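Everything on this sheet refers to the single structure shown next.
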Amino acid sequence: MDDAEAIERVRIATWHATYRGQLPDAALDAMSPHIEQRRQRLRDLGGAEFCFVAEADGRVVGFAVGGPERGHDPDYQGEVGAIYVLPEHQRKGLGRELIRESARHLARNGMTTLLIWVLRENGIGRGFYERLGGRAVREKPLLMPGLGEGYVEVGYGWLDTAALR
Ligand code: ACO
Numbered sequence: 031m032d033d034a035e036a037i038e039r040v041r042i043a044t045w046h047a048t049y050r051g052q053l054p055d056a057a058l059d060a061m062s063p064h065i066e067q068r069r070q071r072l073r074d075l076g077g078a079e080f081c082f083v084a085e086a087d088g089r090v091v092g093f094a095v096g097g098p099e100r101g102h103d104p105d106y107q108g109e110v111g112a113i114y115v116l117p118e119h120q121r122k123g124l125g126r127e128l129i130r131e132s133a134r135h136l137a138r139n140g141m142t143t144l145l146i147w148v149l150r151e152n153g154i155g156r157g158f159y160e161r162l163g164g165r166a167v168r169e170k171p172l173l174m175p176g177l178g179e180g181y182v183e184v185g186y187g188w189l190d191t192a193a194l195r
């Protein structure tokens with residue numbers, strides 16, 4: 031199994047565990063691994079973009095991807111677009127390590143502010159970002175193919191990532 035396949039496996043398993051009851055079952059059940067697309071994205075990563083994986087016993091059990099902030103926000107330069115750790119490996123410090131590497135990478139590329147979007151109902155993600163000192167500073171509708179209206183994402187901001195690094 032290469033990294034792309036492992037990342038997709040983690041993505042889908044963690045989505046199912048996290049968002050069941052928060053997003054429609056149909057949308058979750060329709061998810062499939064996008065292995066070739068993931069491989070391509072890993073090959074095409076630009077200098078300021080990143081993908082870090084967390085391993086346990088030689089197996090990928092978490093990942094974080096991101097780069098420059100995607101929404102032209104005036105206050106935030108960097109973004110973690112996705113961070114997922116398999117449920118059985120959560121609360122062991124892997125998420126913090128992934129954010130640390132992400133913040134370091136962004137800082138090396140001149141970005142010391144950070145924005146991360148999370149589904150409003152996702153208490154796990156929000157608790158994690160709040161523990162790491164993030165502040166809920168933005169809100170926007172979640173737009174995803176196959177998803178109805180009414181879903182909202184909250185943006186957590188760090189105006190200085192020094193403490194994360
Ligand atoms: N509520 C409160 N505090 C929390 C929570 C929580 N739900 N989760 C972790 N923390 C705290 C930990 O106690 C720890 O604090 P400490 O160091 O003072 O003891 C700190 O946050 C770091 O915790 P980690 O163990 O490093 O976090 P973990 O490995 O569990 O990773 C993550 C956190 C990535 C949110 C993981 O739980 C996960 O994948 N959750 C499900 C998916 C998810 O919500 N992903 C984010 C979606 S948004 C996006 O992808 C942009």
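All the letters of the sequence shown, read from the start, carry residue numbers 31 to 195 under the working numbering.
Cβ atoms here follow ideal geometry from the backbone N, Cα and C, with glycine treated the same way.
As the structure is a computational prediction, the values presented were derived from the model and not from experiment.
#### Entry: Asp68 versus Arg100: straight-line alpha-carbon distance, rounded
In the sequence under discussion, the amino acid at residue 68 is Arg, which differs from the Asp named in the question. Taking the straight line joining both Cα atoms gives about 18 Å.
### Query
Pro171 by DSSP, collapsed to three states: which one?
strand
### Query
For Asp8, which residues of its own chain have a beta-carbon under 8 Å away from its beta-carbon, when the five flanking residues on both sides are left out?
This structure gives no information on residue 8, because the portion of the chain shown stretches from 31 to 195.
### Task
Compare the beta carbon distance of Glu160 and Leu172 with 8 Å and say whether it is the shorter of the two.
no
### Query
Which of helix, strand or coil does DSSP assign to Glu85?
strand
### Task
Give every residue of the same chain whose Cβ lies closer than 7 Å to the Cβ of Arg150, excluding the five residues on either side of it in the sequence, and list them in chain order.
Val182, Glu183 and Val184
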